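These notes are about the structure you will find just below.
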Amino acid sequence: RRLKSAGIPTVHYVSPSIWAWRGGRIRKIGRAVSHLLALFPFEAEIYQEAGIPVTYVGHPLADLLPEAPSREAMRAQLKLPRDKRVIALLPGSRQSEVAQLAELFLQTARRIASQRPDTLFLVPLVSRETRRLFEEAVVRLNAQDLALTVLFGHAHEAIIAADIALVASGTATLEAALLKTPMVITYKMPALSWWIMRRKAYLPYAGLPNILAGRFVVPELMQEDATADNLARALLNWLDDPGSMEALTRAFLRLHHRLRQNTASKAAQAISHYLESAS
5 RRLKSAGIPT
15 VHYVSPSIWA
25 WRGGRIRKIG
35 RAVSHLLALF
45 PFEAEIYQEA
55 GIPVTYVGHP
65 LADLLPEAPS
75 REAMRAQLKL
85 PRDKRVIALL
95 PGSRQSEVAQ
105 LAELFLQTAR
115 RIASQRPDTL
125 FLVPLVSRET
135 RRLFEEAVVR
145 LNAQDLALTV
155 LFGHAHEAII
165 AADIALVASG
175 TATLEAALLK
185 TPMVITYKMP
195 ALSWWIMRRK
205 AYLPYAGLPN
215 ILAGRFVVPE
225 LMQEDATADN
235 LARALLNWLD
245 DPGSMEALTR
255 AFLRLHHRLR
265 QNTASKAAQA
275 ISHYLESAS
(Lines of atoms letter the chains of each structure in order from A and count residues from 1; the text may use other names and numbers.)
(Lines give C-alpha, C1' and ligand atoms only; values in the text may rest on other atoms or scores of the structure.)
Protein backbone atom coordinates (compact mmCIF):
# COMPACT_ATOMS: atom_id res chain seq x y z
CA ARG A 1 0.00 0.00 0.00
CA ARG A 2 2.88 2.37 0.80
CA LEU A 3 4.46 1.67 -2.59
CA LYS A 4 1.22 2.39 -4.42
CA SER A 5 0.65 5.54 -2.35
CA ALA A 6 4.13 6.68 -3.39
CA GLY A 7 3.18 6.29 -7.04
CA ILE A 8 5.04 3.02 -7.60
CA PRO A 9 2.96 0.49 -9.60
CA THR A 10 2.37 -2.72 -7.67
CA VAL A 11 1.45 -5.98 -9.41
CA HIS A 12 0.28 -8.72 -7.06
CA TYR A 13 0.74 -12.32 -8.21
CA VAL A 14 -1.62 -14.87 -6.60
CA SER A 15 -4.74 -13.50 -4.99
CA PRO A 16 -5.44 -13.89 -1.30
CA SER A 17 -8.35 -16.26 -0.74
CA ILE A 18 -11.03 -13.58 -0.99
CA TRP A 19 -13.41 -16.19 -2.40
CA ALA A 20 -13.23 -18.25 0.80
CA TRP A 21 -13.74 -15.58 3.44
CA ARG A 22 -16.42 -13.07 4.34
CA GLY A 23 -15.66 -9.41 4.78
CA GLY A 24 -14.11 -6.49 2.96
CA ARG A 25 -10.66 -7.80 2.14
CA ILE A 26 -11.12 -6.95 -1.52
CA ARG A 27 -11.33 -3.23 -0.74
CA LYS A 28 -8.05 -3.40 1.17
CA ILE A 29 -6.45 -5.23 -1.75
CA GLY A 30 -7.72 -2.59 -4.17
CA ARG A 31 -6.03 0.14 -2.13
CA ALA A 32 -2.73 -1.76 -2.17
CA VAL A 33 -2.32 -3.01 -5.76
CA SER A 34 -2.27 -1.50 -9.23
CA HIS A 35 -2.96 -4.81 -10.93
CA LEU A 36 -3.67 -8.34 -9.80
CA LEU A 37 -2.67 -11.57 -11.55
CA ALA A 38 -5.29 -14.22 -10.77
CA LEU A 39 -4.70 -17.97 -10.93
CA PHE A 40 -8.38 -18.91 -11.16
CA PRO A 41 -11.08 -17.56 -13.50
CA PHE A 42 -13.61 -16.90 -10.74
CA GLU A 43 -11.04 -14.73 -8.93
CA ALA A 44 -10.71 -12.54 -12.03
CA GLU A 45 -14.51 -12.15 -12.13
CA ILE A 46 -14.60 -11.03 -8.49
CA TYR A 47 -11.92 -8.38 -9.03
CA GLN A 48 -13.51 -7.18 -12.26
CA GLU A 49 -16.82 -6.67 -10.47
CA ALA A 50 -14.98 -4.69 -7.78
CA GLY A 51 -13.31 -2.48 -10.41
CA ILE A 52 -9.78 -3.70 -9.64
CA PRO A 53 -7.49 -4.20 -12.67
CA VAL A 54 -6.93 -7.93 -13.04
CA THR A 55 -5.57 -10.44 -15.54
CA TYR A 56 -6.44 -14.13 -15.44
CA VAL A 57 -3.12 -15.91 -16.06
CA GLY A 58 -4.09 -19.51 -15.27
CA HIS A 59 -2.39 -21.83 -12.81
CA PRO A 60 1.28 -22.79 -13.26
CA LEU A 61 0.54 -26.36 -12.20
CA ALA A 62 -1.74 -26.74 -15.22
CA ASP A 63 1.19 -25.86 -17.48
CA LEU A 64 3.53 -28.18 -15.60
CA LEU A 65 1.44 -31.34 -15.20
CA PRO A 66 0.61 -33.69 -18.10
CA GLU A 67 -2.94 -33.80 -19.44
CA ALA A 68 -2.92 -37.57 -19.85
CA PRO A 69 -0.56 -39.16 -17.30
CA SER A 70 0.01 -42.89 -17.70
CA ARG A 71 -0.91 -44.92 -14.63
CA GLU A 72 0.61 -48.06 -16.14
CA ALA A 73 3.94 -46.37 -16.89
CA MET A 74 4.10 -44.85 -13.42
CA ARG A 75 3.38 -48.16 -11.73
CA ALA A 76 6.17 -49.72 -13.74
CA GLN A 77 8.49 -46.89 -12.68
CA LEU A 78 7.56 -47.39 -9.02
CA LYS A 79 7.72 -51.19 -9.39
CA LEU A 80 4.07 -51.61 -8.43
CA PRO A 81 1.87 -54.43 -9.76
CA ARG A 82 -0.52 -53.44 -12.53
CA ASP A 83 -3.37 -55.64 -11.26
CA LYS A 84 -3.66 -54.34 -7.69
CA ARG A 85 -5.82 -51.53 -6.35
CA VAL A 86 -3.61 -48.64 -5.26
CA ILE A 87 -4.73 -45.79 -3.01
CA ALA A 88 -2.58 -42.71 -2.40
CA LEU A 89 -2.70 -41.25 1.10
CA LEU A 90 -1.72 -37.57 1.28
CA PRO A 91 -2.04 -36.38 4.89
CA GLY A 92 -0.56 -32.93 4.23
CA SER A 93 2.80 -31.24 3.91
CA ARG A 94 3.03 -29.50 7.28
CA GLN A 95 4.07 -31.31 10.43
CA SER A 96 0.91 -30.14 12.22
CA GLU A 97 -1.26 -31.66 9.49
CA VAL A 98 0.50 -35.02 9.55
CA ALA A 99 0.39 -35.08 13.35
CA GLN A 100 -3.37 -34.41 13.19
CA LEU A 101 -4.26 -36.74 10.32
CA ALA A 102 -1.79 -39.66 10.28
CA GLU A 103 -3.77 -41.92 12.60
CA LEU A 104 -7.03 -41.16 10.82
CA PHE A 105 -5.50 -42.02 7.45
CA LEU A 106 -4.05 -45.26 8.82
CA GLN A 107 -7.35 -46.24 10.43
CA THR A 108 -9.05 -45.59 7.09
CA ALA A 109 -6.48 -47.75 5.30
CA ARG A 110 -7.09 -50.51 7.82
CA ARG A 111 -10.87 -50.40 7.19
CA ILE A 112 -10.29 -50.65 3.44
CA ALA A 113 -7.73 -53.44 3.77
CA SER A 114 -10.17 -55.47 5.85
CA GLN A 115 -12.62 -55.41 2.92
CA ARG A 116 -10.12 -55.35 0.02
CA PRO A 117 -7.05 -57.22 1.32
CA ASP A 118 -5.09 -56.82 -1.92
CA THR A 119 -5.12 -52.99 -1.76
CA LEU A 120 -1.78 -51.18 -1.73
CA PHE A 121 -1.26 -47.76 -0.14
CA LEU A 122 1.24 -45.11 -1.25
CA VAL A 123 2.16 -42.37 1.23
CA PRO A 124 4.29 -39.52 -0.19
CA LEU A 125 5.75 -37.32 2.56
CA VAL A 126 7.71 -34.14 1.97
CA SER A 127 10.30 -34.19 4.75
CA ARG A 128 12.09 -36.35 7.28
CA GLU A 129 9.99 -34.76 10.01
CA THR A 130 6.64 -35.62 8.42
CA ARG A 131 7.90 -39.11 7.62
CA ARG A 132 8.94 -39.58 11.26
CA LEU A 133 5.51 -38.44 12.47
CA PHE A 134 3.73 -40.81 10.11
CA GLU A 135 5.94 -43.79 10.97
CA GLU A 136 5.43 -43.12 14.68
CA ALA A 137 1.68 -43.29 14.04
CA VAL A 138 2.16 -46.63 12.27
CA VAL A 139 3.88 -47.99 15.37
CA ARG A 140 1.28 -46.56 17.77
CA LEU A 141 -1.53 -48.21 15.83
CA ASN A 142 0.43 -51.42 15.29
CA ALA A 143 -0.27 -50.97 11.57
CA GLN A 144 2.91 -52.54 10.25
CA ASP A 145 0.79 -55.24 8.61
CA LEU A 146 -0.71 -52.74 6.15
CA ALA A 147 0.67 -52.80 2.60
CA LEU A 148 2.15 -49.30 2.94
CA THR A 149 4.87 -47.80 0.77
CA VAL A 150 6.16 -44.53 2.21
CA LEU A 151 7.80 -42.27 -0.38
CA PHE A 152 10.14 -39.36 0.26
CA GLY A 153 8.46 -36.72 -1.86
CA HIS A 154 7.18 -37.99 -5.23
CA ALA A 155 3.61 -36.90 -4.54
CA HIS A 156 2.81 -36.51 -8.23
CA GLU A 157 4.12 -39.98 -8.97
CA ALA A 158 2.03 -41.47 -6.17
CA ILE A 159 -1.12 -39.70 -7.36
CA ILE A 160 -0.60 -40.83 -10.96
CA ALA A 161 0.02 -44.44 -9.92
CA ALA A 162 -3.06 -44.56 -7.69
CA ASP A 163 -6.60 -45.49 -8.65
CA ILE A 164 -7.94 -43.03 -6.07
CA ALA A 165 -6.55 -40.76 -3.36
CA LEU A 166 -7.36 -39.62 0.15
CA VAL A 167 -6.16 -36.03 0.32
CA ALA A 168 -5.87 -33.42 3.05
CA SER A 169 -7.55 -30.22 1.90
CA GLY A 170 -5.07 -27.89 0.22
CA THR A 171 -3.09 -27.54 -3.00
CA ALA A 172 -2.73 -31.33 -3.23
CA THR A 173 -6.43 -31.54 -4.12
CA LEU A 174 -5.79 -29.41 -7.21
CA GLU A 175 -2.77 -31.55 -8.09
CA ALA A 176 -4.87 -34.71 -7.85
CA ALA A 177 -7.53 -33.15 -10.08
CA LEU A 178 -4.99 -32.08 -12.70
CA LEU A 179 -3.51 -35.58 -12.61
CA LYS A 180 -7.03 -37.00 -13.19
CA THR A 181 -7.20 -39.07 -10.00
CA PRO A 182 -10.56 -39.36 -8.19
CA MET A 183 -10.28 -38.40 -4.55
CA VAL A 184 -11.89 -37.91 -1.19
CA ILE A 185 -10.97 -34.66 0.56
CA THR A 186 -10.71 -34.45 4.33
CA TYR A 187 -9.36 -32.26 7.10
CA LYS A 188 -9.41 -31.98 10.87
CA MET A 189 -8.25 -29.14 13.07
CA PRO A 190 -8.75 -27.98 16.66
CA ALA A 191 -12.42 -27.29 17.37
CA LEU A 192 -11.97 -23.56 18.05
CA SER A 193 -10.01 -23.04 14.83
CA TRP A 194 -12.74 -24.86 12.90
CA TRP A 195 -15.48 -22.75 14.49
CA ILE A 196 -13.70 -19.52 13.61
CA MET A 197 -13.07 -20.66 10.05
CA ARG A 198 -16.67 -21.69 9.44
CA ARG A 199 -17.95 -18.35 10.76
CA LYS A 200 -15.73 -16.49 8.30
CA ALA A 201 -16.20 -18.75 5.31
CA TYR A 202 -19.13 -18.29 2.94
CA LEU A 203 -18.52 -21.06 0.41
CA PRO A 204 -19.88 -24.52 1.22
CA TYR A 205 -16.77 -26.14 -0.30
CA ALA A 206 -13.23 -26.46 1.04
CA GLY A 207 -11.50 -28.38 -1.76
CA LEU A 208 -10.32 -26.56 -4.87
CA PRO A 209 -11.87 -29.09 -7.31
CA ASN A 210 -15.31 -28.37 -5.82
CA ILE A 211 -14.73 -24.62 -5.62
CA LEU A 212 -13.70 -24.52 -9.28
CA ALA A 213 -16.65 -26.67 -10.34
CA GLY A 214 -19.13 -24.69 -8.24
CA ARG A 215 -20.54 -27.95 -6.92
CA PHE A 216 -19.48 -31.10 -5.10
CA VAL A 217 -17.72 -33.21 -7.72
CA VAL A 218 -15.70 -35.07 -5.06
CA PRO A 219 -16.67 -35.87 -1.46
CA GLU A 220 -15.50 -33.63 1.37
CA LEU A 221 -15.54 -35.11 4.88
CA MET A 222 -14.41 -32.56 7.42
CA GLN A 223 -14.04 -32.40 11.17
CA GLU A 224 -16.64 -34.62 12.92
CA ASP A 225 -17.56 -36.22 9.57
CA ALA A 226 -13.94 -37.24 9.07
CA THR A 227 -14.11 -40.72 10.59
CA ALA A 228 -12.30 -43.79 9.34
CA ASP A 229 -15.60 -45.50 8.53
CA ASN A 230 -16.91 -42.53 6.53
CA LEU A 231 -13.66 -42.04 4.64
CA ALA A 232 -13.30 -45.73 3.82
CA ARG A 233 -16.90 -45.86 2.58
CA ALA A 234 -16.40 -42.81 0.35
CA LEU A 235 -13.19 -44.21 -1.13
CA LEU A 236 -14.74 -47.61 -1.78
CA ASN A 237 -17.70 -45.91 -3.44
CA TRP A 238 -15.30 -44.62 -6.11
CA LEU A 239 -13.76 -48.04 -6.63
CA ASP A 240 -17.21 -49.62 -6.95
CA ASP A 241 -18.41 -47.08 -9.54
CA PRO A 242 -16.08 -47.03 -12.59
CA GLY A 243 -18.60 -44.98 -14.58
CA SER A 244 -18.48 -42.13 -12.07
CA MET A 245 -14.68 -42.31 -12.01
CA GLU A 246 -14.56 -41.98 -15.81
CA ALA A 247 -16.98 -39.03 -15.75
CA LEU A 248 -14.89 -37.32 -13.09
CA THR A 249 -11.73 -37.86 -15.13
CA ARG A 250 -13.38 -36.08 -18.08
CA ALA A 251 -14.43 -33.22 -15.80
CA PHE A 252 -10.87 -32.94 -14.51
CA LEU A 253 -9.57 -32.76 -18.09
CA ARG A 254 -11.93 -29.87 -18.82
CA LEU A 255 -10.68 -28.15 -15.68
CA HIS A 256 -7.09 -28.68 -16.83
CA HIS A 257 -7.86 -26.98 -20.14
CA ARG A 258 -9.41 -24.00 -18.34
CA LEU A 259 -6.41 -23.53 -16.06
CA ARG A 260 -3.71 -24.12 -18.70
CA GLN A 261 -3.09 -20.58 -19.96
CA ASN A 262 0.71 -20.36 -20.49
CA THR A 263 0.87 -18.64 -17.13
CA ALA A 264 4.43 -17.32 -17.19
CA SER A 265 3.96 -15.59 -20.55
CA LYS A 266 0.64 -14.04 -19.56
CA ALA A 267 2.08 -12.77 -16.28
CA ALA A 268 5.13 -11.32 -18.02
CA GLN A 269 2.94 -9.61 -20.59
CA ALA A 270 0.81 -7.99 -17.89
CA ILE A 271 3.88 -6.77 -16.01
CA SER A 272 5.59 -5.48 -19.17
CA HIS A 273 2.80 -2.93 -19.61
CA TYR A 274 3.92 -1.20 -16.42
CA LEU A 275 7.59 -1.37 -17.41
CA GLU A 276 6.80 0.25 -20.75
CA SER A 277 4.76 2.97 -19.06
CA ALA A 278 7.66 3.73 -16.71
CA SER A 279 10.28 3.98 -19.47
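Each residue of the sequence shown is one higher than the one before, counting from 5 in the working numbering.
Here a beta-carbon is modelled for each residue, glycine too, at the ideal position from N, C-alpha and C.
Owing to the predicted nature of the structure, the values given are computational and were not obtained by experimental measurement.
**Asked** Which class does Ile91 belong to by DSSP, given the choice of helix, strand or coil?
**Response** Here Ile91 sits in strand by DSSP.
**Message:** As a quick exercise: from Ala217, Ile91, Met226, His260, pick the residue whose alpha carbon is nearest that of Ala159.
**Reply:** When the alpha-carbon of Ala159 is set against those of Ala217, Ile91, Met226, His260, the nearest one is in Ile91.
**Asked** In terms of alpha-carbon separation, which member of Thr177, Val154, Thr59 lies closest to Val221?
**Response** Relative to Val221, the option among Thr177, Val154, Thr59 whose CA is nearest is Thr177.
**Message:** I need the boundaries of the alpha helix (DSSP H) containing Tyr51, first residue and last residue.
**Reply:** Start and end: 45-53.
**Prompt:** Under a Cβ-count criterion, where at least 16 other Cβ atoms within 10 Å of its own Cβ denotes burial, should His261 be classed as buried or exposed?
**Reply:** His261 comes out exposed.
**Request:** Alpha carbon to alpha carbon, how far is Gly62 from Gln265? Give it in angstroms, no decimals.
**Result:** Whole-angstrom Cα-Cα distance: 5 Å.
**Request:** Just tell me which of Val143, Lys88, Gly34 has its CA closest to the CA of Ala165.
**Result:** For Ala165, the nearest C-alpha among the options comes from Lys88.
**Request:** Measure the C-alpha to C-alpha separation of Glu101 and Glu280 and round it to an integer number of angstroms.
**Result:** Approximately 45 Å, taken between the alpha carbons.
**the ligand ATP heavy atom lying under 7 Å from the CB of Arg29** = No copy of the ligand ATP appears in this structure; indeed no ligand is present at all.
**Item:** Residues that DSSP places opposite Met78 in a beta bridge
**Value:** DSSP lists no partner for Met78.
**Contact the segment 227-243 vs the segment 109-120: 3+ CB pairs below 8 Å** = Contact between the segment 227-243 and the segment 109-120 is present: three or more C-beta pairs spanning the two stretches fall below 8 Å.
**Prompt:** Quick one, are the C-beta atoms of Ala274 and Thr14 less than 8 Å apart?
**Reply:** For Ala274 and Thr14, no; Cβs fall outside 8 Å.
**Asked** When you compare only the Cα positions, how much space is there between Val188 and Leu7?
**Response** Looking at the backbone, the Cα of Val188 and that of Leu7 are separated by about 43 Å.
**Request:** Look at Ala141 and Ala106 and say whether their C-beta atoms are less than 8 Å apart.
**Result:** Ala106 is positioned such that its CB atom lies closer than 8 Å to that of Ala141.
**Request:** Find out if the Cβ-Cβ distance for the pair Pro186, Leu252 is shorter than 8 Å.
**Result:** Going by beta carbons, Pro186 and Leu252 fall inside the 8 Å limit.
**Asked** Is the distance from the Cβ of Leu40 to the Cβ of Pro64 below 8 Å?
**Response** Leu40 is not a Cβ neighbour of Pro64, given a cutoff of 8 Å.
**Item:** For Leu155, the first and last residue of its enclosing beta strand (DSSP E)
**Value:** 152-156 is the span of the beta strand (DSSP E), which, as asked, contains Leu155.
**Best match in His16, Arg29, Ile22, Arg258 for proximity to Lys184 [C-alpha to C-alpha]** = The option with the nearest alpha carbon to Lys184 is Arg258.
**Prompt:** Between which two residues does the alpha helix (DSSP H) carrying Pro246 extend?
**Reply:** From DSSP, the alpha helix (DSSP H) with Pro246 extends over 246-263.
**Asked** Are Gln104 and Lys32 touching if we call contact CB-CB under 8 Å?
**Response** 8 Å or more divides the Cβ of Gln104 from the Cβ of Lys32.
**Asked** Would you report the Cα separation of Gln111 and Lys270, rounded to the nearest angstrom?
**Response** Going by C-alpha positions, Gln111 is about 45 Å away from Lys270.
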